[in-house]
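Undergrad: Going line by line, the protein sequences match chains A and B.
If you're matching positions, the first sequence starts at 31 in this note's numbering and goes up one per residue.
If you're matching positions, the second sequence starts at 31 in this note's numbering and goes up one per residue.
The following block contains the structure, expressed as structure tokens.
There are 2 protein chains.
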Amino acid sequence: MKTEDVVLGILNEKSQTGYDIVEKIKTIFSHFFDGSYGSIYPVLHKLENKGKVTKKIIVQEGKPNKNLYSITESGREEFNKYLRSPVQTEVMKSDFLMRLYHGEYLPEEQIKQIIIEEINRKEQLVEELESQFEVWKEDMSSYQKLCCQIGIESYRSEIEILKKFQGH
Amino acid sequence: MKTEDVVLGILNEKSQTGYDIVEKIKTIFSHFFDGSYGSIYPVLHKLENKGKVTKKIIVQEGKPNKNLYSITESGREEFNKYLRSPVQTEVMKSDFLMRLYHGEYLPEEQIKQIIIEEINRKEQLVEELESQFEVWKEDMSSYQKLCCQIGIESYRSEIEILKKFQGH
DNA sequence: AGGTTCATGTAACTCGTTACATGATTCA
DNA sequence: TGAATCATGTAACGAGTTACATGAACCT
Numbered sequence: 031m032k033t034e035d036v037v038l039g040i041l042n043e044k045s046q047t048g049y050d051i052v053e054k055i056k057t058i059f060s061h062f063f064d065g066s067y068g069s070i071y072p073v074l075h076k077l078e079n080k081g082k083v084t085k086k087i088i089v090q091e092g093k094p095n096k097n098l099y100s101i102t103e104s105g106r107e108e109f110n111k112y113l114r115s116p117v118q119t120e121v122m123k124s125d126f127l128m129r130l131y132h133g134e135y136l137p138e139e140q141i142k143q144i145i146i147e148e149i150n151r152k153e154q155l156v157e158e159l160e161s162q163f164e165v166w167k168e169d170m171s172s173y174q175k176l177c178c179q180i181g182i183e184s185y186r187s188e189i190e191i192l193k194k195f196q197g198h
Numbered sequence: 031m032k033t034e035d036v037v038l039g040i041l042n043e044k045s046q047t048g049y050d051i052v053e054k055i056k057t058i059f060s061h062f063f064d065g066s067y068g069s070i071y072p073v074l075h076k077l078e079n080k081g082k083v084t085k086k087i088i089v090q091e092g093k094p095n096k097n098l099y100s101i102t103e104s105g106r107e108e109f110n111k112y113l114r115s116p117v118q119t120e121v122m123k124s125d126f127l128m129r130l131y132h133g134e135y136l137p138e139e140q141i142k143q144i145i146i147e148e149i150n151r152k153e154q155l156v157e158e159l160e161s162q163f164e165v166w167k168e169d170m171s172s173y174q175k176l177c178c179q180i181g182i183e184s185y186r187s188e189i190e191i192l193k194k195f196q197g198h
């Protein structure tokens with residue numbers, strides 16, 4: 031999965047600005063994809079050069095101009111090619127588990143603290159995903175909702191596992 | 031968490047070759063870190079130039095020479111600095127969830143197939159982690175074992191979640 | 001007065017992947 | 001005979017992060 035495919039997928043739903051795309055990625059995609067302005071804007075320019083998207087400048091009053099991007103026929107073809115390509119294996123990068131792995135080199139109190147913080151962090155992620163789900167759900171397909179629900183349940187399971195191991 | 035810190039952490043346990051380090055990453059670190067020869071060998075050279083590790087060439091009969099790397103005092107300091115730095119948030123990249131999100135653009139049969147394949151993949155990951163755990167557990171601290179167990183349980187929970195949602 | 005939201009962008013840098021190159025030994 | 005294991009490495013490319021730059025409107 032390339033960032034280009036992700037952006038095409040988002041634009042395949044409807045025309046949006048780079049700002050909108052980043053917002054979507056930071057909220058409902060947060061549990062399975064990562065992206066920022068520094069990665070999304072250049073990708074949009076690249077897709078425009080390749081003719082996969084088109085840009086329309088929207089002049090606004092009291093706000094900066096918007097670049098509204100729309101997917102082209104060629105972009106749709108590219109996206110469909112992605113959808114039919116083999117699914118790549120998941121990649122997880124967890125600094126938390128790396129610390130835990132090396133737990134013997136830290137005082138026990140500190141490890142306990144790290145675990146508590148990770149539980150708190152995940153509890154907050156559940157809350158955020160749930161509230162984001164409420165915000166977006168009207169416009170979501172059943173698959174998209176499923177995807178959110180899997181995220182919420184995954185976080186909850188992780189929390190349970192950590193709590194179970196908390197007292198050794 | 032930088033790859034340099036990860037390599038220092040592995041060498042902090044004992045002196046090893048680049049090959050050994052990659053093997054460890056590909057087996058017991060697989061659920062929380064990703065690395066390959068193309069990333070680990072250059073990092074080892076970089077750490078050597080910085081004086082964080084030293085290299086000893088071991089001549090073998092019937093096998094290629096080995097470069098045995100050991101952590102230096104300066105490397106230990108660096109590693110301890112990492113251990114005491116703030117824990118970075120986890121990052122997950124899941125092509126599977128991306129496909130599921132766009133499920134409406136694929137035939138239902140294909141989505142079902144993708145879910146089945148993901149369940150199979152994760153069942154295999156559980157098996158692999160369990161067998162790796164058996165291989166390495168003699169040399170593992172209780173924290174390292176905990177880390178493996180969390181991986182196994184996380185995969186199992188993911189499988190349960192997917193099975194639950196399988197029939198919609 | 002200060003923080004947040006909306007809105008876009010780039011330059012420099014760091015990092016990682018992919019593909020290639022080599023080559024003996026061991027196992028099926 | 002062919003695949004896997006052991007063992008190291010690099011060049012070219014592609015991708016992503018960080019930090020910077022701008023600036024009005026709106027909310028507290």
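Quick reminder that beta carbons are idealized off the backbone N, C-alpha and C, glycines included.
What's the gap between the Cα of B/Ser187 and the Cα of B/Cys177?
TA: For B/Ser187 and B/Cys177, the distance between alpha carbons rounds to 15 Å.
Undergrad: Using a Cβ-Cβ cutoff of less than 7 Å, which residues in the same chain neighbour B/Ile58 once the five nearest sequence positions on both sides are dropped?
TA: So the list reads Gln162, Trp166, Cys178, once near-sequence residues are dropped.
Undergrad: Could you check the C-alpha separation between A/Thr102 and A/Lys44 for me, to the nearest Å?
TA: In a straight line, the C-alpha of A/Thr102 is about 11 Å away from that of A/Lys44.
Undergrad: With distance defined between alpha-carbon atoms, name the residue in A/Arg151, A/Ile146, A/Lys80 nearest to A/Gly197.
TA: Per the Cα distances, A/Ile146.
Undergrad: Considering only the beta carbon of each residue, do B/Leu41 and B/Glu108 sit closer than 8 Å?
TA: Not a contact, by the Cβ cut-off of 8 Å.
Undergrad: Can you find a C-beta in chain A that's less than 8 Å from the C-beta of B/Tyr185?
TA: It does not: the Cβ of B/Tyr185 has no partner Cβ on chain A nearer than 8 Å.
Undergrad: For A/Arg129, does the count of other Cβ atoms within 10 angstroms reach 16, so buried, or fall short, so exposed?
TA: With 16 or more other Cβ atoms within 10 Å, it is buried.
Undergrad: Using a Cβ cut-off of 8 Å (strictly closer), state whether A/Phe195 contacts chain B.
TA: Yes, because at least one Cβ of chain B sits closer than 8 Å to the Cβ of A/Phe195.
Undergrad: Listing by chain order, which chain B residues have their CB less than 7 Å from the CB of A/Gln118?
TA: By Cβ distance, chain B contributes Asp125.
Undergrad: Would a check of beta-carbon distances place A/Tyr99 closer than 8 Å to chain B?
TA: False, the Cβ-Cβ gap to chain B never drops below 8 Å.
Undergrad: Grouping DSSP H, G and I as helix and E and B as strand, with all else coil, what is A/Thr33?
TA: Helix.
Undergrad: CB B/Glu78 to CB B/Lys85, shorter than 8 Å?
TA: In this structure, B/Lys85 lies closer than 8 Å to B/Glu78 by Cβ.
Undergrad: Whose C-beta lies closer than 7 Å to the C-beta of B/Pro72 among residues of the same chain, with five residues either side of it excluded?
TA: Closer than 7 Å at Cβ, skipping near neighbours: no residue.
Undergrad: Does B/Tyr67 pass the burial test, meaning 16 or more other C-beta atoms within 10 Å, or should it be called exposed?
TA: B/Tyr67 comes out exposed.
Undergrad: Would you mind stating whether B/Lys123 and A/Glu134 have Cβ atoms separated by less than 8 Å?
TA: Cβ distance not < 8 Å, so B/Lys123 and A/Glu134 don't count as in contact.
Undergrad: Determine the closest residue to B/Ser60 out of A/Tyr131, A/Glu168, A/Lys193, with distance taken between C-alpha atoms.
TA: For B/Ser60, the nearest C-alpha among the options comes from A/Tyr131.
Undergrad: Please classify A/Val89 as buried or exposed, where buried requires at least 16 neighbouring CB atoms within 10 angstroms.
TA: Classification for A/Val89: exposed.
Undergrad: Where does A/Ser100 sit, in a helix, a strand or coil, going by DSSP?
TA: Three-state DSSP puts A/Ser100 in a strand.
Undergrad: Can you list, in chain order, the residues of the segment 56-69 of chain A whose Cβ is nearer than 7 Å to any Cβ on chain B?
TA: Hits within the stretch, in order: His61, Phe62, Phe63, Asp64.
Undergrad: What is the DSSP secondary structure of A/Ile70, counted as helix, strand or coil?
TA: Residue state, collapsed to three classes: helix.
Undergrad: Mind pulling the chain A residues with CB within less than 9 Å of B/Gly133?
TA: Here the neighbours are Ser171, Ser172, Tyr173, Gln174, Leu176, Cys177.
Undergrad: Out of B/Asn150, B/Val83, B/Gln174, B/Leu155, state which residue places its alpha-carbon closest to the alpha-carbon of B/Leu192.
TA: When only C-alpha atoms are compared, the closest one is B/Asn150.
Undergrad: Check the C-beta distance from A/Ile70 over to A/Val52 and give it rounded, since I have them as a contact under 8 Å.
TA: Their Cβ separation, rounded to whole angstroms, is 5 Å, which keeps A/Ile70 and A/Val52 in contact under 8 Å.
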